[in-house]
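Right, one structure below, let's go through it.
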Amino acid sequence: MSSAKFTDHVYALTRLIPQGKVATYSSLARALGNSGAARAVGNALNKNPDAPRTPCHRVVRANGQVGDFASGSAKKIKLLKKEGVIVWQGKVDLEKYFYEFKNKKQGC
DNA sequence: CATATGACACTAT
DNA sequence: AATAGTGCCATAT
Numbered sequence: 002m003s004s005a006k007f008t009d010h011v012y013a014l015t016r017l018i019p020q021g022k023v024a025t026y027s028s029l030a031r032a033l034g035n036s037g038a039a040r041a042v043g044n045a046l047n048k049n050p051d052a053p054r055t056p057c058h059r060v061v062r063a064n065g066q067v068g069d070f071a072s073g074s075a076k077k078i079k080l081l082k083k084e085g086v087i088v089w090q091g092k093v094d095l096e097k098y099f100y101e102f103k104n105k106k107q108g109c
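Following this note's numbering, the numbering of the first sequence begins with 2 at its first residue and continues without gaps.
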């Protein structure tokens, strides 16, 4: 059993990313409470490249770059494009496709 | 317990 | 703008 709450939570949030949207490693880390654990987030996803329920390809860099991918960044870009995310020059428009994790309770 | 690794981020050059 | 160097955090060994 994995007690790695961190990694476990990373998958949970990644699964919440709707199709056609993208999140950033840093943002994910922040949602977990570890704002500076962007690297750790990436590690978590990299360790689970087989998780079909975890759309790890929807997680990109903070600067809009698609970043790396276990099966190759090209594959990642392809998947994103298929989902409706326009990837141009290996970058995505975070202003348009960025998905912010929100608590289902809050509504402010 | 210390060292090494890694799908990142930021600052300086 | 692009590249390099440094920092950060979690896991694996």
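Cβ coordinates follow ideal geometry from the N, Cα and C atoms, glycine included.
Can you list, in chain order, the residues of its chain with a C-beta nearer than 6 Å to that of residue i? Leave out the 5 residues immediately preceding and following it.
| i | result |
| --- | --- |
| K22 | Y98, Y100 |
| S27 | A39, A63 |
| A24 | I18, V60, Y100 |
For the alpha helix (DSSP H) containing residue i, list its first residue and its last residue.
| i | result |
| --- | --- |
| H10 | 6-17 |
| A45 | 39-48 |
| K97 | 95-98 |
| R31 | 26-33 |
Give a yes or no on whether the C-beta atoms belonging to residue i and residue j are separated by under 9 Å.
| i | j | result |
| --- | --- | --- |
| Y68 | K77 | The identity of residue 68 in the sequence shown is Gly, whereas the question assumes Tyr. For G68 and K77, yes; Cβs fall inside 9 Å. |
| A63 | A39 | yes |
| L17 | F102 | yes |
| P50 | S72 | yes |
Leaving out the 5 sequence neighbours to the left and right, which residues in its chain are closer than 8 Å to residue i when beta-carbon positions are compared?
| i | result |
| --- | --- |
| G65 | K92, V93, D94, L95 |
| A30 | S36, G37, A38, A39, A41, V42 |
Whose C-beta lies closer than 7 Å to the C-beta of residue i among residues of the same chain, with five residues either side of it excluded?
| i | result |
| --- | --- |
| P19 | Y100 |
*asked:* Quick test of the definition: if touching needs 3 or more C-beta pairs under 8 Å, does the stretch 7-14 touch the stretch 32-52?
replied: Output reads yes: the stretch 32-52 touches the stretch 7-14.
*Would you say the stretch 80-92 touches the stretch 45-65, given that touching needs at least three Cβ pairs under 8 Å?*
The stretch 80-92 makes contact with the stretch 45-65: 3 or more CB pairs, one atom from each, lie closer than 8 Å.
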